[in-house]
Each structure stands twice: as structure tokens, then as C-alpha cells.
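Take the position in the sequence shown, starting the count at 1, then add 3; the result is the number in the numbering used here. Beneath this line is the structure, given in C-alpha cells, with notes to follow.
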Amino acid sequence: MKLIIILFAFFINISSYAQSAKDSTEPMVLYQGKTIAGAYKKYAVGLHAMNQPFTDSLDNCETRSSISKIEGVQFTSSGATLEVFRFTDKNNHQWAIPTSIEKLNKFDREAANSLIRVGKTYFIIFQICGSGGFPDLIELFDLSAIQLKSK
4 MKLIIILFAF
14 FINISSYAQS
24 AKDSTEPMVL
34 YQGKTIAGAY
44 KKYAVGLHAM
54 NQPFTDSLDN
64 CETRSSISKI
74 EGVQFTSSGA
84 TLEVFRFTDK
94 NNHQWAIPTS
104 IEKLNKFDRE
114 AANSLIRVGK
124 TYFIIFQICG
134 SGGFPDLIEL
144 FDLSAIQLKS
154 K
């Protein structure tokens, strides 16, 4: 029940970030702004439409979601772009998911690189395709960006 409440609050909260992304099929970084010590700062809280989901039954794809802690990351050989992140889902399956961050412009790529950190927990939507289970990242949201208010 607690997980359902957290996910509901998450989707209510993240919907304000995603309004501009609602009809977008282009990969993008979702930002949240905050005033700290009188200075306004914008920081990345999610990745949207990093890959388009396959929806045809002949594609042999399955969309999955997971609330998971990142266990490892891998950068490109130049070190400029986070290429893959690794996590274990609730069924104890380990996944290494390509980020597709290379599709973003330089500014958003830098923000996305700083968004994904080992040890942080995220809500991840990904797709597994083909008989080999090839993964694609669809969406990723930083759970620490959720601000639940208790009454």
C-alpha cells in the first residue's frame, strides 16, 4: 500500500515537470527549479522519451518498470557521456541499460550525466525486446525529487 501511495504522489508531482514533454517524442531532460540561499538553480530530475517504445506484437517487446538503486555506471571511452547504468530489480534480475544520453544536446547531456549516480534510487521505465532481452531506456525519474507533504 505504501508503494502505491508513493507512486501516486510521484506521478502527481512529476506531471508538472512532464507537461511540456507530454506530446514530445524527442529525448529530453526534465528539470526542477529551486531557490537556495537566494539563488535560483535548475537541476535535472528525469529523462523523458530516451527511446520510443515498440508497440507492435511482432516486435516481441515487454515494457517494465522498477524502483531501483543504481549499482554501477559505465562511461564512453572518452569519459564524456554516461553510456550504461546497472541495477537489480525486485525479482533479483540484474539489468544493464544503455542511457541513450548521446542523443541529447551538450547542455542536457551534462545534466543527464550528473543525474544518474551510483547509490541513488530511481523510478525506471524500460523495454526488453527480442529473444535475447535487449534493454532500452524509456524514462527515468529521480525519486529524491519527490516532495511528499504530510498533514
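Virtual Cβ for every residue (Gly too), placed ideally from N, Cα, C.
Buried or exposed by the 16-neighbour rule on C-beta atoms within 10 Å, applied to His96: exposed
Return the chain-ordered list of same chain residues with a C-beta closer than 6 angstroms to the C-beta of Gly131, the five sequence neighbours on each side being excluded. Residue identity differs from the one stated: residue 131 is Ile in this sequence, not Gly. Within the same chain, and ignoring the five residues on either side of Ile131 in sequence, the residues whose Cβ sits closer than 6 angstroms to its Cβ are Glu65 and Pro138.
If the criterion is Cβ atoms closer than 8 angstroms, does the pair Pro101 and Val121 meet it? no
Backbone secondary structure at Leu107 - three-state DSSP: coil
Can you tell me where the beta strand (DSSP E) holding Pro138 begins and where it ends? Phe137 to Asp145
Could you tell me whether the Cβ atoms of Glu142 and Gly49 are closer together than 8 angstroms? Taking 8 angstroms as the cut-off, the Cβ atoms of Glu142 and Gly49 count as close.
According to DSSP, simplified to helix, strand and coil, what is Ser134? coil
Val76 versus Arg89: straight-line alpha-carbon distance, rounded: 6 angstroms
Taking all protein chains shown into account, decide if Ser68 is buried (16 or more other Cβ within 10 angstroms of its Cβ) or exposed. With fewer than 16 other CB atoms across the displayed protein chains lying within 10 angstroms of its CB, Ser68 is exposed.
At the level of alpha carbons, what is the spacing between Ala21 and Ser81? Any answer about Ala21 is weak, because its pLDDT of 47 lies below 50 and its placement is not dependable; what the coordinates show is given next. Distance between the alpha carbons of Ala21 and Ser81 is about 31 angstroms.
Under the three-state DSSP convention, the category Arg89 falls into: strand
Hey, could you find the ends of the beta strand (DSSP E) Arg67 is sitting in? Cys64 to Phe78
Ala115 by DSSP, collapsed to three states: which one? helix
Shortest alpha-carbon distance to Asp59 belongs to which of Ile149, Gly133, Ile128 and Ser147? Gly133
Going by DSSP, what residues sit across from His51 in a beta bridge? Met31
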